[in-house]
Amino acid sequence: MQLIFFFCGFIAIAFVLVITVYLILSGLPAIREIGLADFLLGREWASTAKEPKFGILPLILTSIYGTAGAILIGVPIGFLMAVFLAKVAPRRVAGVIRPVVDLLAGIPSIVYGLVGLMVLVPFVRKTFNTAAGESLLASIVVLAVMILPSIISVSETALNAVPRAYEEASLALGATEIETYFRVSAPAAKSGIAAAVVLGVGRAIGEAMAIMMVAGNVANMPSLLSSVRFLTTGIAVELAYSSGLQRQALFSIGLVLFLFIMCINVILNVFLKRDKEG
Amino acid sequence: MKKRTLALMLSAALCVGLLAGCGGTADTTQSPAAGSNSPAAEQSQTPAGTELSGTVNTDGSTSMADVMAAFQESFGDIQPDVTVNYSGTGSGSGITNVLAGTVDIGLSSRALTDEEKAEGAVENIVALDGVAIVVNPENTITDLTVEQIAQIYNGTITNWSELGGADAPIAVIGRDAASGTRGAFEEIVGVEDQCVYTNEYESTGEVIGSVAGNPNAIGYASLSAVDDSVTALKVNGVAPSEATVADGSYEIQRPFVMVTVEGSQLAPAAQAFLDWAMSADAADEVTAAGCVSPNA
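Residue numbers (my numbering), protein chains in the order written: chain B, 1 to 278; chain F, 1001 to 1296.
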């Protein structure tokens, strides 16, 4: 019986190892051929041109800007919502909202993309009078909504874990409830909230399907109202028909994305560990 | 228990899929002549008039999916023991694979380059496909010249008012860099590597959807994929249709090519399939798939 447990545990590790090794092996040749600096810092991506250019700086910047924008919008809303659910809301109201938030987490990403395409994209086009509404802005809004559930539920758990005695002490000293939540509960839960933010970053940077429908997918240097291509969509848009060096370069993009997500996971683990110890 | 059975069946199906993927052309053999008088053989137009068996592996252009589906179905009626496999990997890889000998017939949705012909690739045109230029139905423009289309796509013209339309920016919609349709369009119009796209999509359906939802948009798509949600523009005064593609008067068109290798003998089943696809008998299937047959 123990052998079965050991085997199952080993499978997960094996998958991570296989994926890591595979990505490195298939991602490195193109980087070596293109040159690391040209690949990471090149400003132009034209993978099938007569003189192909494989610069992914626009993709990297787009992924960073898009994720940052989503965090900027999503974290304040998510945090305040978590405070509301954990502390302010009457039990019965929270009992209704919490399942709705969970439901939001369960909606497939393509549905977010579809709603974004039908509602958000025409709105952006008409509001800013641009040629097409597919843009970094539309992607940021879609991503912000998508990361809300994870931010809310992780922050809420962290806020609920704050010992009741801290809050009671604060209230006894004459602080109002709102002062208590923001000056006592939130600081006490800060590493849990930080973990929520990092988790949101991880979700946002890895999302492909939803933003492929609203980003426009042209590898421009990012600006808010122009069509942009993320690291993830860069792979998804071209993979199906790619060949040769182009295909290898797509694996290299995957490797870069993988490294990004690895870093985010390490940061997440640091926060979670501190949370346990603190 | 049910779940386990299902899981087993699914894994079995996966294994079969894996094995099928490995299947080479080695097993493509002609059946013994004994079966030559079967009823199916009498209907068939194959040169030998015999019933063949085996597998024909084709690989390449994704634009040819509709044509290949029609071919597979009809050829299955003529030669029931021949299995025609099709995998859509893109014109470039189809040509590469047939030259490398890993498939029987490569599929390309553009004419072969001189370079490819020099490597021994042989062009067999089985169908002609018009690339329609589509705009939103709200757009008042109905006719453009190839020159104007080129200027829109290379970024010289950026507002519909320059063409006599409404004062609105033009959203230039296209396909991803590896697409055969994009390759064909850019080559025919003469804007290779110069296009300034507003949006790029990975499928024809998304291009049509995007144009249908945006009054500023212009896009391109296979003629067969155009539906009522968008308007197909006249090019140099000629509306895209099967007739204008067949007689060559509609300029933005491309051939669907079955690629073989010069000097290498096809297996009998593959040869029969190619001969049939090139014959007038296959014209109905070509038409059914929304293309125009050059062999009708």
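Using N, Cα and C, we set each Cβ at its ideal position, and we do this for glycine too.
{"Item": "Rounded to a whole number of angstroms, what is the C-alpha to C-alpha distance between residue 146/B and residue 81/B?", "Value": "15 Å"}
{"Item": "How many whole angstroms separate the CB atoms of residue 233/B and residue 211/B, which I take to be in contact at a CB cut-off of 8 Å?", "Value": "6 Å"}
{"Item": "Would residue 62/B pass as a contact of residue 203/B if the rule is Cβ separation under 8 Å?", "Value": "no"}
{"Item": "How many Å lie between residue 16/B and residue 22/B at the Cα?", "Value": "10 Å"}
{"Item": "Counting only beta-carbon atoms, is residue 13/B nearer than 8 Å to chain F?", "Value": "no"}
{"Item": "For residue 124/B and residue 1218/F, what's the separation of their Cα atoms in angstroms?", "Value": "18 Å"}
{"Item": "Between the alpha carbons of residue 139/B and residue 196/B, how many angstroms are there, rounded?", "Value": "20 Å"}
{"Item": "In chain F, which residues lie less than 8 Å from residue 48/B when you measure between Cβ atoms?", "Value": "1177, 1178, 1183"}
{"Item": "Looking only at its own chain, which residues have a Cβ that is under 6 Å from the Cβ of residue 156/B, when we skip the five neighbours before and after it?", "Value": "82, 85, 86"}
{"Item": "For the putative contact between residue 1051/F and residue 1072/F, defined by C-beta atoms under 8 Å, what is the C-beta separation to the nearest angstrom?", "Value": "The Cβ separation is near 17 Å, so there is no contact."}
{"Item": "How should residue 1001/F be labelled, buried or exposed, when 16 other C-beta atoms within 10 angstroms of its C-beta is the threshold for buried?", "Value": "In this predicted model, residue 1001/F has a pLDDT of only 44, less than 50, meaning its place in the structure is not dependable enough to derive any value."}
{"Item": "Within 10 Å of its beta-carbon, does residue 1110/F have 16 or more other beta-carbons around it, so buried, or fewer, so exposed?", "Value": "buried"}
{"Item": "Answer with yes or no whether the minimum CB distance from residue 1137/F to chain B is below 8 Å.", "Value": "no"}
{"Item": "Check whether the Cβ atoms of residue 1060/F and residue 1106/F sit closer than 8 Å, and answer yes or no.", "Value": "yes"}
{"Item": "Using a Cβ distance threshold of 8 Å, determine whether the region 244-264 of chain B contacts the region 1237-1249 of chain F, with at least three qualifying pairs required.", "Value": "no"}
{"Item": "Under 7 Å Cβ-Cβ, which residues of chain F neighbour residue 42/B?", "Value": "In chain order: nothing, as chain F lies at least about 15 Å away."}
{"Item": "Can you give me the start and stop residues for the alpha helix (DSSP H) that residue 70/B sits inside?", "Value": "57-83"}
{"Item": "Taking Cβ-Cβ distances below 8 Å as the criterion, which residues of the region 1213-1231 of chain F are in contact with chain B?", "Value": "1213, 1214, 1216, 1217"}
{"Item": "With DSSP as the reference, identify every bridge partner of residue 45/B, one or two as the case may be.", "Value": "54/B"}
{"Item": "For residue 1088/F, which beta-bridge partners are listed by DSSP?", "Value": "1060/F"}
{"Item": "Check residue 1280/F in the structure and name its three-state DSSP category.", "Value": "helix"}
{"Item": "For residue 34/B and residue 249/B, which I take to be in contact (beta-carbon distance under 8 Å), what is that distance rounded to the nearest angstrom?", "Value": "7 Å"}
{"Item": "Could you give the C-beta distance for residue 209/B and residue 110/B, rounded to a whole number, given that I count them as a contact under 8 Å?", "Value": "5 Å"}
{"Item": "Could you tell me the alpha carbon to alpha carbon distance between residue 1303/F and residue 175/B, rounded to whole angstroms?", "Value": "Past the edges of chain F, shown from 1001 to 1296, lies residue 1303/F, and the structure says nothing about it."}
{"Item": "Can you tell me whether residue 119/B is buried or exposed? The criterion is at least 16 other CB atoms within 10 Å of its CB, across all chains shown.", "Value": "exposed"}
{"Item": "What residue range does the alpha helix (DSSP H) around residue 160/B cover?", "Value": "136-160"}
{"Item": "Which residues in chain B have a C-beta closer than 8 Å to the C-beta of residue 1301/F? List them in chain order.", "Value": "What the structure shows of chain F is the stretch from 1001 to 1296, and residue 1301/F is not part of that stretch, so it cannot be assessed."}
{"Item": "Report the neighbours of residue 1169/F on chain B: residues whose CB is nearer than 7 Å to its CB, in chain order.", "Value": "130, 131"}
{"Item": "Label residue 32/B either buried or exposed according to how many other C-beta atoms from any shown protein chain fall within 10 Å of its C-beta, with 16 as the threshold for buried.", "Value": "exposed"}
{"Item": "Look at residue 1144/F and residue 1223/F and say whether their C-beta atoms are less than 8 Å apart.", "Value": "no"}
{"Item": "So, under 8 Å CB-CB, residue 1208/F and residue 1134/F are touching, yes? Tell me the CB distance rounded to an integer number of Å.", "Value": "7 Å"}
{"Item": "Here's the rule I'm using: 16 or more other beta-carbon atoms within 10 Å means buried, otherwise exposed. How should residue 1115/F be labelled?", "Value": "exposed"}
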